[in-house]
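So the structure is just underneath, and the comments pick up after that.
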Amino acid sequence: MSSDLSALPEPSPKRRRIAQSCIACRHKKTRCDSLRPACSSCRAKGLSCEYEQDSLVAIPASTLARIEARLSKLEQLTPGFSDEGPRRAEPSKHQHGDAVNDGACAVTETSAAVIIKNLKHAVPSGKAASPTTSTEPSHGTTYINTDSLWLPERPEADILLESYARQVYPLFPILHLPTLRVNYNRIWQTSQLSNHSLRTTSEDVLLYATLNMILALGRLNSTSNEPRKCREQAMTFYERARRILTLDAIDSPSLETIQYCLLTTQYLMFTSRFNRCHSAIGIAIRAAQCIGLDNAVETGWSQPKREMARRVWHSCMLFERLVCSLFGRRVTSFTDSAVPLPIPIDDENFSEDGISPRLQNLPSVTVAFEISLNIFRIIEDARWITVPKEHISLDELTAVLRLSERLDRIQESLPAHLQFSTIADNSLRGSRHDVFILQHVAIMIRIAHVRLLLLRSCILEAARLHSSLQAEASSPPRTTDRLRMETCHICVQAAIDTIDLLDENLRAPLRVMSCIALFTAFSAATVLIAASLIPELEDRYELPGNRITQVMNVLTSHRWQIDGVASAIEHIEQYMKTVDDIKARRVAPRGLSISGSNGPEPIPNKAQAPSDTSGIHDESTLGMQGDAFFDFDLSDPLWDLDWNVTADSLGL
């Protein structure tokens with residue numbers, strides 16, 4: 001038998017594995033011959049070849065001999081070791097029961113990750129199976145071309161960072177400002193940017209991407225002498241942040257990566273890339289769920305970590321509802337009540353072991369954030385109300401008015417430092433006076449946005465009714481009709497107050513330059529245009545009057561910050577022409593159309609209709625009994641606001 005075995009050919013030796021490939025080859029996942037000082041691949045490409053420091057250390061033979069002798073001595077002294085090898089002790093029943101209880105979960109939650117976690121608890125520490133070497137790259141260190149890690153000159157960067165801190169952060173306190181400033185100053189104290197191939201940690205990469213996104217937001221809200229370059233320069237910072245870290249490259253979610261996603265969402269709201277904006281907030285929410293921000297598990301957390309985790313999760317909810325209300329998307333239902341609201345305390349007053357005393361007679365900047373959460377939670381509740389295009393029932397109208405009343409209660413219960421009468425008081429003048437004015441205007445704009453979102457369907461229904469030539473022959477108004485008309489009055493007054501607020505904001509020290517301000521101005525304008533078709537509203541409020549001129553000024557002031565301003569102005573002008581034509585047809589005798597000062601002219605039939613009607617439609621198109629608003633559809637969430645989105649602008 002032994003002779004047969006000896007006759008077998010000896011197996012060929014295995015290929016010698018490289019003990020450690022160089023950094024560049026491992027990063028590119030290419031074969032490395034591990035030659036020193038430079039491997040063949042790096043030498044051929046003219047790249048600098050580096051190895052991990054621990055792999056370059058040579059261990060003397062004497063040290064290995066001492067280690068082997070010590071291990072032999074320990075094996076003789078330690079019970080349970082024999083010539084047969086180590087024996088794993090069987091866990092007791094008590095230990096096994098504790099392991100099962102610690103990993104208990106519902107049947108529907110027994111995912112593969114949970115099973116692996118339970119198996120790890122079941123295996124005694126230090127006696128696990130032989131470890132396997134992961135082929136995934138390390139998340140702690142990232143090797144990139146440092147040309148992407150770029151910031152502008154320090155004076156310019158300081159101005160843009162201060163612009164973000166004064167005009168953006170008070171409205172959306174996503175970050176912890178003291179930590180941001182420490183990291184920002186640390187970047188300028190390093191001199192590593194001179195190296196072309198720089199080993200940079202993933203935290204540094206995320207910091208550079210976050211700072212570029214912050215600078216983009218700061219540029220959009222800065223009072224620069226060159227406003228025409230505002231969007232172009234902000235886009236440069238945004239594209240550089242995307243080159244540093246794209247959203248689909250986030251492998252390990254963390255609080256910082258979620259903050260980066262929220263900043264990206266906030267920037268994209270200024271652009272026409274609303275599909276990309278909607279995707280960014282979706283990534284932020286899923287990443288927050290991955291690290292458990294929606295579970296309110298805060299045992300052992302320090303106060304800064306706990307409060308920032310709460311703030312980030314509720315920011316995700318706020319942006320989800322805001323983005324969906326702006327871009328006409330269905331709000332995804334999330335339960336945010338399980339996570340407590342963040343404590344209204346400023347970042348610099350956080351402490352590691354409890355709540356530090358607040359500054360006396362100086363309200364926190366974060367109070368406005370909690371108020372905004374309550375405002376946009378109404379959007380979540382409004383998604384259960386279905387308002388048909390044809391007719392609004394009494395139950396639906398009652399539900400809408402109840403939500404509008406909640407907005408009234410929020411507005412009436414504003415703290416003193418966010419009420420206009422108190423802000424105008426000289427006693428509050430100081431470093432935060434302008435910030436409180438900014439927050440007051442932003443809160444009122446958000447309230448107006450949600451209120452118009454709720455009530456504008458009533459204006460649409462009434463406008464459609466009065467656009468018909470037979471509107472005067474309708475039956476006497478009932479109680480429900482009077483309630484609908486009163487709701488229209490509330491909506492029109494809200495639109496007027498909103499336009500006045502936005503117009504006054506143009507002269508404020510810190511202006512609210514945001515997508516929601518643009519959309520709210522557009523909504524208010526279309527409400528007044530539609531309401532001008534209702535004689536009772538037109539006579540009482542002298543619609544549309546000079547309010548449209550104010551709206552045009554507001555929209556024009558946003559033209560250097562936000563895409564789509566020109567399209568919004570064009571749509572408002574088109575709507576005004578459509579409504580003016582409906583008014584002319586309503587007052588003209590049958591078969592006649594008012595045109596200029598030369599008296600009535602016959603309405604052209606289909607054969608005589610001109611090729612370009614400029615928004616004016618012939619009798620067959622308008623319809624005696626039909627809907628005159630086929631291209632003035634206020635039931636759409638955007639009120640038919642076309643942002644001229646192309647496949648190229650969406651990155652498709």
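Its first residue numbered 1, the sequence shown is counted upward by one per residue in the numbering used here.
We put the beta carbon where it would ideally sit given N, CA and C, even for glycine.
All values reported here derive from a predicted model rather than from experimental measurement.
Residue i (DSSP reduced to helix, strand or coil)
i	result
Phe-350	strand
Gly-46	coil
Leu-362	coil
Leu-592	Unreliable placement is indicated for Leu-592, whose pLDDT of 44 sits below 50; the coordinate value is still reported in the next sentence. Strand, per DSSP.
Met-513	coil
Ala-38	coil
Ile-679	A query on residue 679 cannot be resolved here, the shown segment of the chain reaching from 1 to 652 and no further.
Ser-457	helix
Cys-316	helix
Thr-526	helix
Cys-324	helix
Asn-660	In the structure displayed, the chain extends from 1 to 652; residue 660 sits before or after that span and is not available.
Ala-129	For Ala-129, the predicted model reports a pLDDT of 39, less than 50, meaning its position is unreliable; a value from the coordinates is still stated below. Coil at Ala-129, not helix or strand.
Lys-677	The structure shown does not extend to residue 677, since the chain is modelled only from 1 to 652, so the question has no answer here.
Gln-689	There is no way to answer for residue 689, as the model of the chain reaches only from 1 to 652.
Glu-52	coil
Ile-437	helix
Val-339	coil
Thr-332	coil
Ser-467	helix
His-391	coil
Gln-419	coil
Backbone CA spacing between residue i and residue j [nearest angstrom]
i	j	result
Ile-572	Thr-549	11 Å
Arg-655	Gly-46	No statement about residue 655 is possible, as the shown extent of the chain runs from 1 to 652 and does not include it.
Glu-52	Ile-23	7 Å
Arg-464	Ile-516	27 Å
Leu-161	Ala-309	23 Å
Met-552	Asp-346	37 Å
Leu-326	Leu-149	33 Å
Arg-406	Ala-521	22 Å
Leu-217	Tyr-164	6 Å
Ser-279	Cys-316	12 Å
Glu-239	Pro-178	26 Å
Leu-180	Gln-411	33 Å
Pro-152	Ala-368	32 Å
Glu-570	Asp-251	43 Å
Thr-398	Asp-434	39 Å
Glu-320	Asp-294	14 Å
Asn-505	Arg-166	16 Å
Gln-20	Glu-50	11 Å
Leu-483	Ser-567	35 Å
Thr-578	Ala-530	10 Å
Arg-451	Gly-328	16 Å
Ala-653	Ile-67	No answer is possible for residue 653: it lies beyond the span of the chain, which begins at 1 and ends at 652.
Ile-379	Val-365	24 Å
Arg-231	Thr-210	18 Å
Proximity to residue i [Cα-Cα], best of the options
i	options	result
Ser-282	Asp-381, Val-331, Cys-491, Ile-569	The residue you asked about is not Ser; residue 282 is Gly in the sequence shown. Comparing Cα positions, the closest option is Val-331.
Val-323	Ala-157, Cys-42, Tyr-267, Ile-250	Tyr-267
Leu-206	Arg-231, Arg-242, Asn-221	Arg-242
Pro-173	Asp-481, Gln-439, Cys-32	Gln-439
Ile-214	His-176, Pro-227, Thr-190	His-176
Ala-338	Gly-292, Arg-451, Val-492, Val-527	Gly-292
Pro-344	Ala-525, Pro-170, Leu-528	Pro-170
Ser-532	Glu-504, Lys-583, Arg-559, Leu-555	Lys-583
Gln-419	Asn-349, Asp-158, Met-269, Phe-436	Phe-436
Val-527	Asp-503, Val-492, Ala-508, Leu-502	Val-492
Leu-220	Ile-534, Thr-257, Ser-557, Lys-577	Ser-557
Arg-559	Thr-479, Asn-212, Pro-227	Pro-227
Ile-445	Ile-67, Arg-26, Leu-394, Asp-503	Asp-503
Ser-302	Ser-351, Ala-287, Arg-286	Ser-351
Residue i Cβ short of 8 Å to the ligand ATP heavy atom set
i	result
Glu-256	This structure lacks the ligand ATP; in fact it carries no ligand of any kind.
Three or more C-beta pairs closer than 8 Å, one from the segment 458-465 and one from the segment 483-498: is that the case here?
Contact between the segment 458-465 and the segment 483-498 is present, with at least three C-beta pairs closer than 8 Å.
Stretch-stretch touch, CB-based, cutoff 8 Å, three pairs: the segment 262-278 with the segment 563-571
The segment 262-278 vs the segment 563-571: in contact.
Curious, which full-length alpha helix (DSSP H) runs of at least 4 residues does the segment 477-514 contain?
If one requires a minimum length of 4 residues, the alpha helix (DSSP H) runs lying completely within the segment 477-514 are 479-505, in chain order.
Kindly confirm or deny that the segment 530-540 and the segment 497-515 touch, where touching means at least three C-beta pairs closer than 8 Å.
With the rule of 3 Cβ pairs closer than 8 Å, the segment 530-540 does not count as touching the segment 497-515.
Any alpha helix (DSSP H) of 4 or more consecutive residues that is wholly inside the segment 219-290:
The segment 219-290 contains these whole alpha helix (DSSP H) runs: 230-244, 255-268, 274-290.
Uninterrupted beta strand (DSSP E) stretches inside the segment 534-586 (no shorter than 3 residues):
Segments of the beta strand (DSSP E) lying fully in the segment 534-586: there are none.
Please determine if the segment 434-450 and the segment 502-515 are in contact, where contact requires at least 3 C-beta pairs separated by less than 8 Å.
Segments in contact, yes.
Which parts of the segment 147-212 are runs of the alpha helix (DSSP H), unbroken and 4 residues or longer, counting only runs that do not cross its ends?
Counting only runs that start and end inside the segment 147-212, the alpha helix (DSSP H) elements of at least 4 residues fall at 154-167, 177-189.
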